[in-house]
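To start, the structure under review is shown below, and the notes come after it.
There are 2 protein chains.
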Amino acid sequence: MWTRCIAGSMTRTGNQALCIRRIRGGGASREKRKMGKTDGAGKRPSRRNGNPGRIHGTIAHDLGVAIVSGQYKPGEILPNEIDFSERLKVSRSAYREAIRILSAKGMVESRPKTGTRVTEPGNWNLLDPDVLAWYFATEPDPALIDGLFELRMIVEPAAAALAAERRKPAHLTRMREALMEMERCGVDNEDGRDADRTFHDTVLEATGNMPLMSLASTIGAGVRWTTIYKARKDELPRDPMPDHWKVFDAIAAGGPDEARDAMTELVGAALRDTARALRRETPDNSAPDTAANG
Amino acid sequence: MWTRCIAGSMTRTGNQALCIRRIRGGGASREKRKMGKTDGAGKRPSRRNGNPGRIHGTIAHDLGVAIVSGQYKPGEILPNEIDFSERLKVSRSAYREAIRILSAKGMVESRPKTGTRVTEPGNWNLLDPDVLAWYFATEPDPALIDGLFELRMIVEPAAAALAAERRKPAHLTRMREALMEMERCGVDNEDGRDADRTFHDTVLEATGNMPLMSLASTIGAGVRWTTIYKARKDELPRDPMPDHWKVFDAIAAGGPDEARDAMTELVGAALRDTARALRRETPDNSAPDTAANG
DNA sequence: CTATCGATATTTGTCGGAGTAATTAGGCCG
DNA sequence: CGGCCTAATTACTCCGACAAATATCGATAG
Numbered sequence: 016m017w018t019r020c021i022a023g024s025m026t027r028t029g030n031q032a033l034c035i036r037r038i039r040g041g042g043a044s045r046e047k048r049k050m051g052k053t054d055g056a057g058k059r060p061s062r063r064n065g066n067p068g069r070i071h072g073t074i075a076h077d078l079g080v081a082i083v084s085g086q087y088k089p090g091e092i093l094p095n096e097i098d099f100s101e102r103l104k105v106s107r108s109a110y111r112e113a114i115r116i117l118s119a120k121g122m123v124e125s126r127p128k129t130g131t132r133v134t135e136p137g138n139w140n141l142l143d144p145d146v147l148a149w150y151f152a153t154e155p156d157p158a159l160i161d162g163l164f165e166l167r168m169i170v171e172p173a174a175a176a177l178a179a180e181r182r183k184p185a186h187l188t189r190m191r192e193a194l195m196e197m198e199r200c201g202v203d204n205e206d207g208r209d210a211d212r213t214f215h216d217t218v219l220e221a222t223g224n225m226p227l228m229s230l231a232s233t234i235g236a237g238v239r240w241t242t243i244y245k246a247r248k249d250e251l252p253r254d255p256m257p258d259h260w261k262v263f264d265a266i267a268a269g270g271p272d273e274a275r276d277a278m279t280e281l282v283g284a285a286l287r288d289t290a291r292a293l294r295r296e297t298p299d300n301s302a303p304d305t306a307a308n309g
Numbered sequence: 016m017w018t019r020c021i022a023g024s025m026t027r028t029g030n031q032a033l034c035i036r037r038i039r040g041g042g043a044s045r046e047k048r049k050m051g052k053t054d055g056a057g058k059r060p061s062r063r064n065g066n067p068g069r070i071h072g073t074i075a076h077d078l079g080v081a082i083v084s085g086q087y088k089p090g091e092i093l094p095n096e097i098d099f100s101e102r103l104k105v106s107r108s109a110y111r112e113a114i115r116i117l118s119a120k121g122m123v124e125s126r127p128k129t130g131t132r133v134t135e136p137g138n139w140n141l142l143d144p145d146v147l148a149w150y151f152a153t154e155p156d157p158a159l160i161d162g163l164f165e166l167r168m169i170v171e172p173a174a175a176a177l178a179a180e181r182r183k184p185a186h187l188t189r190m191r192e193a194l195m196e197m198e199r200c201g202v203d204n205e206d207g208r209d210a211d212r213t214f215h216d217t218v219l220e221a222t223g224n225m226p227l228m229s230l231a232s233t234i235g236a237g238v239r240w241t242t243i244y245k246a247r248k249d250e251l252p253r254d255p256m257p258d259h260w261k262v263f264d265a266i267a268a269g270g271p272d273e274a275r276d277a278m279t280e281l282v283g284a285a286l287r288d289t290a291r292a293l294r295r296e297t298p299d300n301s302a303p304d305t306a307a308n309g
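Chains as they are written, first to last, in my numbering: chain S, 16 to 309; chain H, 16 to 309.
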């Protein structure tokens, strides 16, 4: 598994205004860089798979989360490179590479003399898997979840119909295996969620449509995160397997209309479940203050 | 207008295996860097708006175009940083920032000792406006155009229906102005195409759905490029305005079903026109070899 | 002969500093 | 009061060195 730029998981960098304070003082620590033993404060950047994470990816992740969470508002100008990189305890090169990542995702714009400013959210590349992950790194806006479900409701039924017409045997095999894995593990398991995502990805892939396949990562992220949301409430309101099998059968049988209807039902049921779970979470109190992290 | 990372236009860097050869030898040219007077050969990186273009953006653009055009195949390993940056006549820092941009768009993966390799196309962020622009920098795969239209056919009618329910007066105003501008300029003009794109963007924006709004840049690019494709054949087969006004009227009247139907008809007509134009371009000969650039 | 372990070499990653280009801001002059 | 020029700030580029990571190859034990 290669690193792929944004390694980070780093659930919730911390409220303390992103301070990296890394230990492994790579590079030229000729005689400056005292790096006192203040290690305990700064949690190590990433820890998934024991991947220590690259610094630029960590910085990009933290800045991205800070931006999508509103800590840096659109139009706001970040401190200049030297000050900010010093405050983050990283070199200017690493900081610049992080900014380059954010710029590539449309979240900041740089220009000499003016500095680097956060762009309007309309310019953010929300379909980018990393950006979506940054959104879900903190408690995301419920409107975003609604929007993702609306997108699924639009795209997935149509994709299922196309898949029913164009699927190759390999796709059917993968779908079947994914569903069987899903049955074996259950949706409350990480493996089960992966299998769920694989199934939906394969449906999109079976369309043979490259833009739709690119949407797979986005929709897959939506599937995954919303499933986690639902599961977090410790309620398993409904067995999702019959709906999934119905979609599979329709695609295998080559029935576009049946596949579309089945997928509509599947996504609609998931939408209803998630909406209910979210509504229960905030009964009437719309306080956005997340009381999670003690 | 801020730079926004990828400045480049630089239509077709040239067959000579992307060689930048810049003049403005920025940075420390202490006493090395002879930089002979070989200026004529190296076209200046970018020239849109008089924006000279940043080096990292130029390199990312050129590499991105080279990758999507198949010059660097998936799985292939790029030369190491030092060699490649020297060959491109840029510093290692600038090259690394360019690679970081490509990595952020999912097109390359880097790891120590192994190098930087081109990822599988399924991982590329095709919804990214820059990536899409890179595709259209050379003659793109007709399958991509088909895919984009299919995506439009899926998303835009549903978006029109949502827009009919949720549009604000400001949206209607913008749509009306865009259509009037479109009528005034005609679709063969650059301004007319911009107005067309604005109309479609506003429809998506009127849905109030953030992921759909992010798709606007993608679909807008598709609209724009496919329109150019069609116009390049010097045939104006049909007046697109009645279809557009029908969509607008339905959205203004608040009729979701009518808006959906009208938009379906609009996109379908555009699809038929473009398909016909493309088919005429390659009558029966499916040779992928683009005989354009002499 | 095979498999596991360790040294090695290669590549990306990180660092700090120095100098350049670009663009905004403000003063100056017409 | 407006246009032009100067100045200052900022990002951009370059450079050279060191550190970390890891795939490859060799050695050693079974």
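For glycine and all other residues, C-beta sits at the position ideal for the given N, C-alpha and C.
It should be emphasised that the depicted structure is a prediction, and the values quoted were computed from it without experimental measurement.
Closest by CA to residue i, which one among the options?
i, options, result
"Asp203 of chain H", "H:Asp258, H:Ile243 and H:Asp216", "H:Ile243"
"Lys120 of chain S", "H:Asp206, H:Asp143, H:Leu177 and H:Trp260", "H:Asp143"
"Ile92 of chain H", "H:Asp216, H:Val133, H:Glu112 and H:Val218", "H:Val133"
"Gly72 of chain S", "S:Pro136, S:Asn95, S:Gly130 and S:Trp149", "S:Trp149"
"Gly223 of chain S", "S:Gly201, S:Lys183 and S:Leu281", "S:Lys183"
"Phe214 of chain H", "H:Asp254, H:Val262, H:Ser118 and H:Leu286", "H:Val262"
"Asn95 of chain S", "S:Gln86, S:Leu117, S:Ser125 and S:Val83", "S:Ser125"
"Arg291 of chain H", "H:Ile160, H:Ile114, H:Pro257 and H:Pro127", "H:Ile160"
"Arg253 of chain S", "S:Ala265, S:Thr289 and S:Leu166", "S:Thr289"
"Arg107 of chain S", "S:Leu286, S:Leu281 and S:Ile97", "S:Ile97"
"Gly162 of chain S", "S:Ala173, S:Ala174, S:Leu147 and S:Thr153", "S:Leu147"
"Pro155 of chain H", "H:Gly85, H:Gly130, H:Thr129 and H:Pro89", "H:Gly85"
"Pro136 of chain H", "H:Ser118, H:Thr153, H:Thr129 and H:Pro127", "H:Ser118"
"Trp139 of chain S", "S:Pro127, S:Pro89 and S:Leu103", "S:Pro89"
"Asp145 of chain H", "H:Asp77, H:Gly130 and H:Met256", "H:Asp77"
"Lys245 of chain S", "S:Arg208, S:Met256, S:Thr279 and S:Asp264", "S:Arg208"
"Gly201 of chain S", "S:Ala158, S:Val238, S:Thr153 and S:Pro255", "S:Pro255"
Determine the contact status of residue i and residue j, defining contact as a CB-CB distance below 8 Å.
i, j, result
"Ala274 of chain S", "Ala176 of chain S", "yes"
"Asp197 of chain H", "Ala210 of chain H", "The sequence shown places Met at residue 197 of chain H, rather than the Asp named in the question. For Met197 of chain H and Ala210 of chain H, yes; Cβs fall inside 8 Å."
"Leu219 of chain S", "Ala236 of chain S", "no"
"Phe151 of chain H", "Trp240 of chain H", "yes"
"Ile234 of chain S", "Glu171 of chain S", "yes"
"Met122 of chain H", "Gly68 of chain H", "no"
"Leu5 of chain H", "Met225 of chain S", "Here chain H covers residues 16 to 309 and nothing more, so residue 5 of chain H does not appear."
"Arg181 of chain H", "Thr217 of chain H", "no"
"Ser100 of chain H", "Tyr87 of chain H", "no"
"Ile82 of chain S", "Val105 of chain S", "no"
"Asp258 of chain H", "Ala221 of chain H", "no"
"Ala113 of chain S", "Ala173 of chain S", "no"
"Ala179 of chain S", "Pro271 of chain S", "yes"
"Trp260 of chain H", "Leu166 of chain H", "no"
"Met168 of chain H", "Leu281 of chain H", "no"
"Arg115 of chain H", "Ile116 of chain S", "yes"
"Ala267 of chain S", "Leu187 of chain S", "yes"
Please list, in chain order, the chain H residues whose beta carbon lies closer than 8 Å to that of residue i.
i, result
"Asn95 of chain S", "Per Cβ cutoff of 8 Å: no residues; Asn95 of chain S is ~16 Å from chain H at best."
"Arg212 of chain S", "In chain order: nothing, as chain H lies at least about 14 Å away."
"Cys225 of chain S", "The sequence given here has Met at residue 225 of chain S, not Cys. Pro136, Leu141, Ala158, Leu159 and Gly162, listed in chain order."
Could you name the residues of chain H that residue i contacts, counting a contact when the two beta carbons are closer than 9 Å?
i, result
"Asp143 of chain S", "Ala119, Lys120, Gly121, Asn140, Leu142, Asp143 and Ser229"
"Arg102 of chain S", "Those do not exist, as Arg102 of chain S stays about 21 Å from chain H at its closest Cβ, beyond 9 Å."
Per DSSP, what are the beta-bridge partners of residue i in this structure?
i, result
"Ile92 of chain H", "H:Arg132"
"Glu124 of chain S", "S:Arg132"
Using a Cβ cut-off of 9 Å, pull out every chain S residue sitting near residue i, in sequence order please.
i, result
"Pro155 of chain H", "Chain S residues near Pro155 of chain H: none, gap ~10 Å exceeds 9 Å."
"Ile116 of chain H", "Arg115, Ile116, Ser118 and Ala119"
Residues of chain S with a CB under 7 Å from the CB of residue i: which are they?
i, result
"Ser108 of chain H", "Ser108"
"Arg111 of chain H", "Glu112"
Residue i touches chain H at which residues, Cβ-Cβ below 7 Å?
i, result
"Ala173 of chain S", "Ile169"
"Leu165 of chain S", "The amino acid occupying residue 165 of chain S in the given sequence is Glu; Leu does not appear at that position. Within chain H, the residues near Glu165 of chain S are Asn224."
Give, in chain order, every residue of the segment 70–87 of chain S whose Cβ lies closer than 7 Å to some Cβ of chain H.
His71
For the segment 255–289 of chain H, which residues have a beta carbon sitting closer than 8 Å to at least one beta carbon of chain S?
none
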